[in-house]
Every structure is written in structure tokens, then in C-alpha cells.
Amino acid sequence: MLQFILRRLGLALLVAFTVSFISFSLLFLAGDPAAALAGETASGEDIEAIRRVYGFDRPMLVQYGDWLFAALRGDFGESYYFKLPVASLIADRLSVTMLLGVCGITFALLTAVPLGVLAAMRPNSIIDRIALFLSVAGQALPSFWFGLILIVLFAIQLRWLPVSGTATWAHFVMPTIVLGYYAMPAIMRLTRAGMLEVLSSDYIRTARAKGASELRVMFRHALRNAIIPVVSLAAVQMGFMLGGSIVVESIFALHGAGFLAWESISRNDLPTVQALILIFSMFYIVFTFLADVLNAWLDPRMRSS
Amino acid sequence: MANTTVDPLLEDITGPTPGQMLRRRVFGHQGLIIGAVVVAVLLVIALLAPVLAPHDPYVQNLAMRMKPPVFLGGTWEHPLGTDHLGRDYLSRLIYGARVSLLIGVVAATISGAIGTAMGVAAGYFGGRVDAVVTFLVNVRLAMPVVLVALAVVAILGGSLTVVIVVLGLLLWDRFAVVMRASTRQVRRREYVAAAQAIGASTPRILLTEIMPNVLNNLIVVVTLEMAHAILLEATLSFLGLGVQPPTPSWGLMVSEGKNMMLFEPWLVLIPGAVLFVLVLAINLMGDGLRDVTAPENRS
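Protein chains in written order, with the numbering used here: chain S, 478 to 782; chain U, 121 to 419.
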């Protein structure tokens with residue numbers, strides 16, 4: 478087990494290192510960062526001055542090394558647009574995104590798991606078909622459009638919920654649904670498949686034979702075993718969802734890290750963009766690492782691959 | 121349909137041929153049929169856009185701004201109304217089908233070529249090649265796709281070509297994963313060993329033994345990734361960093377209608393609904409193809 482964790486940790490670090498290099502090299506995709514920073518009216522001398530001040534005249538690998546070591550200490554440089562340290566900008570915004578992510582995955586689990594259990598209890602029943610339809614439709618639903626429909630319906634027509642902002646819990650209801658539905662189809666399908674497999678096993682027959690009630694069989698015996706892969710899937714989905722929060726946050730004007738990403742991309746604020754790509758990737762790497770360790774801990778067969 | 125004339129008695133004795141069984145599975149699969157029909161219809165609409173569109177999708181008419189669709193009291197002159205610049209909404213929708221389908225097909229082709237090459241190589245050669253490919257897939261999955269696509273498109277400047285290429289270069293992960301797994305299965309078959317035994321070259325084995333046998337799975341992933349690319353393009357365009365105006369992209373139309381959503385919600389509802397239907401149809405087709413070609417993998 479320890480060996481598995483160490484090997485998996487090594488892989489995670491290598492992935493993180495490669496991602497950091499890719500997000501750093503975005504700077505050079507833009508062509509000359511000094512010219513971009515100086516603006517269109519700048520003279521050649523101005524550009525040269527900026528190049529020296531920001532250190533763009535040094536070899537790329539040296540700049541990457543500097544950037545990486547500063548980033549490891551939590552220093553991502555200064556935002557071109559906000560003229561503030563990127564790290565504190567992101568730190569201010571991250572709590573909203575984290576809260577949204579936690580709400581989203583909770584919503585997804587609370588809806589998708591019961592639906593998956595119900596679907597597995599009566600395969601090919603009307604509930605099963607509805608669940609299947611919802612999961613197919615959910616995958617095709619554009620989240621930005623879904624968000625706007627919710628706004629038209631619940632904020633404008635019915636006036637139940639506020640359109641945008643972060644002031645109260647009510648502001649988080651629609652963003653939570655829009656972010657969470659995205660993870661639902663996968664969780665629902667996995668719960669259903671896991672339950673179907675577990676329900677045909679011997680210990681379920683034993684539990685039924687001793688006269689345990691159907692509810693007890695479902696939740697006490699079957700779901701406990703079927704839920705294990707779902708938990709690790711949820712961890713992976715959480716990593717994906719945080720990356721997808723950019724869409725949700727921009728629709729509902731939630732000023733989180735996703736909104737910051739959209740702002741800084743629109744304004745060519747590259748240091749902020751680089752840092753955000755790196756941070757969102759780190760979340761994904763950490764969550765998948767935890768999911769794999771959890772899997773390996775619960776199921777020793779997973780440790781070998 | 122020559123098989124329908126076969127003597128019923130004969131079929132009772134021999135059972136249906138594999139071809140008949142496949143046809144029965146295809147035509148017995150509602151999702152596949154519905155999905156394929158909808159995709160085919162939208163494809164024809166996209167191809168015949170200049171013939172079908174009642175107006176030029178780019179011509180503005182400020183005197184005719186935001187006319188409602190015919191079912192909300194508009195006229196047949198503009199069956200789905202006009203947008204904030206007086207452009208015919210139906211015509212823009214029809215031309216938007218071209219943008220979406222073009223993006224889906226080309227992006228899935230680029231990412232399919234990359235991902236298939238990586239996945240087949242990893243699955244066939246194993247060892248270090250496999251380790252490198254698996255690592256690259258891990259790196260790719262770790263990067264938030266919307267964020268990276270937005271950033272790169274913003275840096276390079278939004279245009280149809282840039283969006284297509286960026287999506288093509290980003291969406292190869294599922295191809296690599298699925299092709300790797302399928303190739304690993306096929307590689308162990310006897311006919312591959314037989315080809316190796318008669319001294320067939322590696323490229324020949326890959327092309328004539330491996331590829332035909334992983335093609336089913338490839339086609340399924342192609343459809344699913346087409347849907348993925350179409351959704352992502354719409355998302356990027358909605359966020360203002362994808363296809364740029366005045367190109368009629370459905371995502372862009374939703375974005376342009378957003379500001380008038382309070383009074384004219386149909387401006388947002390119509391293009392989004394069409395996008396939803398197209399993506400749903402492609403996904404139904406992909407799921408159906410998976411069920412039909414690999415009944416043992418049915419979920």
C-alpha cells in the first residue's frame with residue numbers, strides 16, 4: 478500500500494510539474510510578452526525597458542525556473558490588470574469557488590445516488606427509463622443555456638431567487654444546480670451499474686433470506702458496497718467541476734476564481750491566467766490522487782496496476 | 121434488403137445470419153434511429169443552407185429589430201423573428217448549423233487522429249510507449265479544458281479556424297484511453313500472432329489487423345467527441361472568446377440574446393434548444409452505436 482501511494486504520488490508530482498511548464502509557456506504563445514504589455518502606442522525603447530524590468534530578455538528556461546520557485550512559495554507575480562499580487566487576488570476569490578464546488582458535488586450526489594439506486598431496484602421500469610433519459614439529456618444540456626433558463630424561470634418569471642451575486646444562500650441555489658447537474662449522469666450511471674452488480678451477489682440473497690426489509694437490504698447491505706467507486710468518481714468530478722466553474726460563475730456573476738479567470742483571460746492578464754490554470758489543475762491532481770488512494774485502500778486489487 | 125425474401129423455413133432452421141442480426145439490432149434501437157435521423161436532417165439543412173435560408177444571415181435591418189417569431193405574434197416574413205440588429209433569426213440558425221457541424225467534424229477528426237495514434241501505439245507496443253502515452257493523458261486530463269481553450273483562443277485571437285484547431289488539439293484524451301484499451305485486447309488475438317508469424321511488418325499489422333478491429337470503438341468515440349467539441353465551441357462563443365461576430369454561431373446567438381432575455385426570452389431559448397437537440401442526437405447516436413456494435417458492453 479505504501480509503495481502504491483509513493484508511486485502514485487510520484488506520478489502526481491510529475492504531472493503537476495509538466496502542467497506548470499505548459500501553463501508557463503502560454504506566456505510565449507502570445508508572441509512578445511513585453512510588446513503586449515507595453516500596449517500598441519509604446520515605442521521600441523519602452524518595450525525594451527519593459528523587457529528588462531520583467532526579465533523577458535532572459536532564456537525561457539531560466540524564467541520558468543524563477544516562476545516555478547516563486548510559485549512554490551506562493552508568489553505568482555503581479556497581475557497586469559489589477560496591479561495586485563496574483564496570489565492574494567486568487568486567495569480572495571477561491572473561497573466562493575470552493576463553496577460552489579462543494580455545494581455542486583453535494584447536490585449531484587444527493588440527487589444522482591438515490592436515482593441510481595431506484596433505477597437499479599427496478600431495471601427497465603419507468604423510473605429506470607426516466608433516470609436513463611435524464612442522464613442522456615443531462616450530458617447534452619449546454620450549462621450556459623441551462624443557467625439562463627433557470628434565471629428566466631426562477632428569477633425573472635417566478636421571482637423566487639436572486640439573479641446574481643453572492644450575498645445570501647439563495648444566491649447559490651441556481652449556480653449549485655447548474656454546476657452539479659453536470660456530474661449527475663456519470664454518478665447516476667455508476668451507482669446504477671454498481672447496485673445491479675451488488676444486488677445479484679450472494680450476501681444480498683443471504684440478507685433477503687434472513688428476512689431483512691427491502692430498505693435495509695438496499696441501503697445497509699447493497700449501497701455500502703456499491704458506493705465505493707462512486708465516492709472516488711465524485712472526487713474526480715469535483716476536480717472537473719472546479720475547472721468548469723468559469724462558465725457558471727460568469728453567468729451568475731459570482732465573483733470567484735472562475736470569474737477571475739474569465740476577467741483575466743478577456744484582459745490578457747497572463748500572470749493571473751497562468752496561476753489559475755496551475756491552481757485548477759492542482760485541484761484536479763489532488764482529487765484524483767485522493768480518489769486513487771481511496772480505491773486502493775478499499776480494494777487491494779487496484780494497487781497492482 | 122435481399123434477406124427479407126429468404127424462405128422463412130430456412131431461417132427457422134439456420135437462425136438469422138450475423139448480417140440480419142446486426143440489421144435487427146440497428147433498426148430495433150430507438151435511440152440510434154432517432155439520433156441518426158435528427159443528425160441527418162440537421163446535416164442536410166447545414167449543407168443546403170444557402171437554398172433553405174429565407175434571408176441573408178448577415179444583412180442587418182435596423183428598422184426590423186427584434187421582431188418576435190411567428191408563434192409569438194410575428195409574421196411569416198421572419199418565421200423565428202429577428203435579432204437585435206434586425207437579422208433574420210431562422211437564417212442565422214440555419215447557417216449556425218454549418219458552424220457547429222463543421223467544428224464537430226473537423227475538431228473530432230484532428231483529435232481522433234492524435235488520440236488514435238497515441239492510443240494504438242500505447243496499446244500495441246506497451247512498455248515505455250504505453251507509460252509515456254498514459255502520462256500525457258494524465259497531464260491533459262489535469263488541465264481544465266474550458267480554461268485552457270479560452271486562454272489559448274484569447275491569445276491567438278478568436279476565429280473559426282483557431283477554435284477548431286485548439287479544440288482538436290485538446291480533445292484527444294478519450295480517443296487515446298479507449299483506443300489503448302481496445303488495442304490491448306485485440307493485440308492478444310490469434311490473428312495478430314498469425315500475422316506476426318508470417319512476417320508482416322508492424323505498420324501492416326497495425327493497419328490491416330489492429331485498426332479494422334478497433335474501428336467500432338473509434339466510431340463511438342468520434343460521435344461523442346463531436347458532441348463535446350460542439351458544446352465547447354458554443355461555450356467559448358457564449359463567453360465571447362470563441363467564434364467572433366458576425367459569424368452565426370449558436371453559442372454566440374445565446375450570448376447576444378442574453379441582454380434582452382428579460383423581455384425577449386425566445387432570443388436565448390431558440391438557439392440553445394437547437395444546440396441541445398443536436399448534441400442530444402449525436403450522443404444518442406453514439407450510445408446506440410455502442411450498444412449495437414458491442415452488445416456485450418451494454419450498460
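In this text, a Cβ means the ideal position worked out from N, Cα and C, and glycines have one as well.
Only a predicted model underlies this, so the values are computations on that prediction, with no experimental measurement involved.
Handout entry: As assigned by DSSP and simplified to three states, the class of U/D208
Key = For this step, residue 208 of chain U is matched to residue 88 along the second sequence. When DSSP states are grouped into helix, strand and coil, U/D208 belongs to the strand group.
Problem - Environment of U/S419 [buried if 16+ CB atoms lie within 10 Å] - result: If you number the second sequence from 1, residue 419 of chain U lands on position 299. Low confidence applies to U/S419: its pLDDT is 42, below 50, so where it sits in the model is not reliable, and the reading given next is rough at best. U/S419 comes out exposed.
Problem - Residues bridged to S/P562 (per DSSP) - result: For the purposes of this step, residue 562 of chain S is taken as residue 85 along the first sequence, with counting starting at 1. Paired residues: S/E555.
Problem - Alpha-carbon spacing of U/A122 relative to S/I628, whole angstroms - result: Reading the second sequence from its first residue, position 2 is the one you call residue 122 of chain U. Reading the first sequence from its first residue, position 151 is the one you call residue 628 of chain S. Annotation note: pLDDT 48 at U/A122 (below 50); position unreliable, coordinate value reported separately. If you draw a straight line from the Cα of U/A122 to the Cα of S/I628, it comes to about 55 angstroms.
Handout entry: Between the CA atoms of S/E555 and S/P748 - distance to the nearest angstrom
Key = Here residue 748 of chain S is taken as the residue at index 271 of the first sequence, counted from 1. Here residue 555 of chain S is taken as the residue at index 78 of the first sequence, counted from 1. Cα to Cα, S/P748 sits roughly 7 angstroms from S/E555.
Exercise for the section: Measure the C-alpha to C-alpha separation of S/V590 and U/G408 and round it to an integer number of angstroms. Expected result: Within the first sequence, the letter at position 113 stands for residue 590 of chain S. Within the second sequence, the letter at position 288 stands for residue 408 of chain U. A direct Cα-to-Cα measurement between S/V590 and U/G408 gives close to 24 angstroms.
Problem - Length of the line joining the Cα atoms of S/L673 and U/V249 - result: Along the first sequence, one-based indexing puts residue 673 of chain S at 196. Along the second sequence, one-based indexing puts residue 249 of chain U at 129. If you draw a straight line from the Cα of S/L673 to the Cα of U/V249, it comes to about 37 angstroms.
Problem - Inter-residue Cα distance where the pair is U/P264 and S/R701 - result: Locating residue 264 of chain U in the second sequence gives position 144, where the first residue counts as 1. Locating residue 701 of chain S in the first sequence gives position 224, where the first residue counts as 1. Inter-residue distance for U/P264 and S/R701 is about 32 angstroms (C-alpha atoms, whole angstroms).
Problem - Span of the alpha helix (DSSP H), counted from its first residue to its last, around U/T202 - result: By one-based count along the second sequence, residue 202 of chain U stands at place 82. Unbroken run through U/T202: none, as it is neither H nor E.
Exercise for the section: For the alpha helix (DSSP H) containing S/A547, list its first residue and its last residue. Expected result: By one-based count along the first sequence, residue 547 of chain S stands at place 70. That run of the alpha helix (DSSP H) goes M537 to L549.
Problem - Where U/I318 sits in the DSSP three-state scheme - result: One-based indexing of the second sequence puts residue 318 of chain U at position 198. The DSSP-derived three-state label of U/I318 is coil.
Handout entry: Coil, strand or helix - S/F696 by DSSP
Key = Position 219 of the first sequence, counted from the start, is the residue given in the question as residue 696 of chain S. Looking at S/F696 - three-state DSSP - the assignment turns out to be helix.
Practice task
Determine whether the Cβ of S/Q616 lies closer than 8 angstroms to any Cβ atom of chain U.
Solution key: Within the first sequence, the letter at position 139 stands for residue 616 of chain S. For S/Q616, the answer is yes, since a Cβ of chain U falls inside 8 angstroms of its Cβ.
Exercise for the section: Can you give me the Cβ contacts of S/L571 inside the same chain, cut-off strictly under 6 angstroms, excluding the 5 residues immediately before and after it? Expected result: Your numbering for residue 571 of chain S matches position 94 in the first sequence. Taken in chain order, the residues that qualify are A734.
Practice task
Rounded to whole angstroms, what's the CA-CA distance from U/N417 to S/D679? Just pull it up for me.
Solution key: Counting from one through the second sequence, the residue named residue 417 of chain U turns up at place 297. Counting from one through the first sequence, the residue named residue 679 of chain S turns up at place 202. Bear in mind that the predicted position of U/N417 carries a pLDDT of just 49, short of 50, making it too unreliable to give a figure here.
Handout entry: Distance, U/I234 Cα to U/F245 Cα
Key = As a position in the second sequence, residue 245 of chain U is number 125, starting the count at 1. As a position in the second sequence, residue 234 of chain U is number 114, starting the count at 1. Straight-line Cα distance between these residues: approximately 17 angstroms.
Problem - C-beta atoms of U/G288 and U/V340 nearer than 8 angstroms - result: As a working mapping, residue 288 of chain U is identified with position 168 in the second sequence. As a working mapping, residue 340 of chain U is identified with position 220 in the second sequence. It is not a contact, given that the beta carbons lie outside the stated cut-off.
Exercise for the section: Output, in chain order, the set of chain U residues within a Cβ distance shorter than 7 angstroms of S/T495. Expected result: Numbered from its first residue, the first sequence carries residue 495 of chain S at position 18. Result: V259.
Exercise for the section: Kindly examine the ligand HEM and report whether one of its heavy atoms sits closer than 7 angstroms to the Cβ of S/A608. Expected result: For the ligand HEM, the structure offers nothing, since it holds no ligand at all.
Exercise for the section: Establish whether the CB of U/I275 and some CB of chain S are separated by less than 8 angstroms. Expected result: Along the second sequence, read from residue 1 onward, the residue named residue 275 of chain U stands at position 155. Using beta-carbon distances, U/I275 counts as an interface residue toward chain S, with a partner under 8 angstroms.
Problem - Contacting residues, own chain, Cβ-Cβ under 7 angstroms from U/V179 (five flanking each side not counted) - result: Position 59 of the second sequence, counting from 1, holds the residue named residue 179 of chain U. Once the five neighbours on either side are set aside, the close Cβ partners of U/V179 are R207.
Exercise for the section: Closer than 6 angstroms by C-beta to S/I704: which residues in its own chain qualify, once you throw out the five before and the five after it? Chain order, please. Expected result: Here residue 704 of chain S is taken as the residue at index 227 of the first sequence, counted from 1. If we look at S/I704 and ignore the five residues flanking it on each side, it has no Cβ neighbours.
Exercise for the section: Output yes if chain S places a C-beta closer than 8 angstroms to the C-beta of U/F396; else output no. Expected result: Taking the second sequence and counting its residues from 1, one reaches residue 396 of chain U at position 276. So, interface residue.
Handout entry: Contact set for S/G581: own chain, Cβ-Cβ below 6 angstroms, skip 5 residues either direction
Key = Residue numbering aside, residue 581 of chain S sits at position 104 when the first sequence is read from its first letter. If we look at S/G581 and ignore the five residues flanking it on each side, its Cβ neighbours are T653, L656, G657 and M718.
Exercise for the section: Out of U/W196, U/A251, U/L192 and U/I330, point me to the one whose CA is closest to S/L491's CA. Expected result: Taking the first sequence and counting its residues from 1, one reaches residue 491 of chain S at position 14. Nearest of U/W196, U/A251, U/L192 and U/I330 to S/L491, Cα basis: U/A251.
Exercise for the section: Run down chain U in chain order and give the residues with a C-beta less than 7 angstroms from the C-beta of S/G721. Expected result: Reading the first sequence from its first residue, position 244 is the one you call residue 721 of chain S. Residues of chain U passing the Cβ test: V266.
Practice task
Report the neighbours of U/M381 on chain S: residues whose CB is nearer than 9 angstroms to its CB, in chain order.
Solution key: Walking along the second sequence from the start, residue 381 of chain U turns up at place 261. Correct list: L625, I628, V629 and I633.
Handout entry: Min CB distance U/V388 to chain S below 8 angstroms
Key = As a position in the second sequence, residue 388 of chain U is number 268, starting the count at 1. Residue-level contact check: U/V388 touches chain S, since one or more beta carbons of chain S fall below 8 angstroms from its beta carbon.
Practice task
Within 10 angstroms of the Cβ of S/Q480, are there 16 or more other Cβ atoms? Answer buried if so, exposed if not.
Solution key: Numbered from its first residue, the first sequence carries residue 480 of chain S at position 3. Around the CB of S/Q480, fewer than 16 other CB atoms lie within 10 Å, so the residue is classed as exposed.
Exercise for the section: For U/Y311, count neighbouring C-beta atoms within 10 Å of its own C-beta (all shown protein chains included) and say buried if the count is 16 or more, exposed if not. Expected result: Mapped onto the second sequence, residue 311 of chain U falls at position 191. Residue burial annotation: U/Y311 is exposed, with fewer than 16 other C-beta atoms found within 10 angstroms of its C-beta.
Practice task
Could you work out which residues of chain B lie near U/D407, taking near to mean beta carbons separated by less than 8 angstroms?
Solution key: Looking at the structure shown, chain B is missing, and the protein chains on hand are S and U.
Problem - Under 7 angstroms by beta carbon: chain U residues contacting S/W739 - result: For the purposes of this step, residue 739 of chain S is identified with residue 262 of the first sequence, where counting begins at 1. The contacting residues are L359.
Handout entry: Nonlocal neighbours in the same chain, by C-beta distance under 8 angstroms from U/T328, ignoring five residues either side
Key = Numbered from 1 along the second sequence, position 208 holds the residue referred to as residue 328 of chain U. Here the set comprises A315 and A320.
Handout entry: CA-to-CA distance, S/A699 to S/V675, given in whole angstroms
Key = Here residue 675 of chain S refers to the residue found at position 198 of the first sequence. Here residue 699 of chain S refers to the residue found at position 222 of the first sequence. CA-to-CA, the gap between S/V675 and S/A699 works out to about 6 angstroms.
Practice task
Starting from U/H348, follow the alpha helix (DSSP H) in both directions and report where the run begins and ends.
Solution key: One-based indexing of the second sequence puts residue 348 of chain U at position 228. For U/H348, the enclosing alpha helix (DSSP H) stretches over residues M331 to F358.
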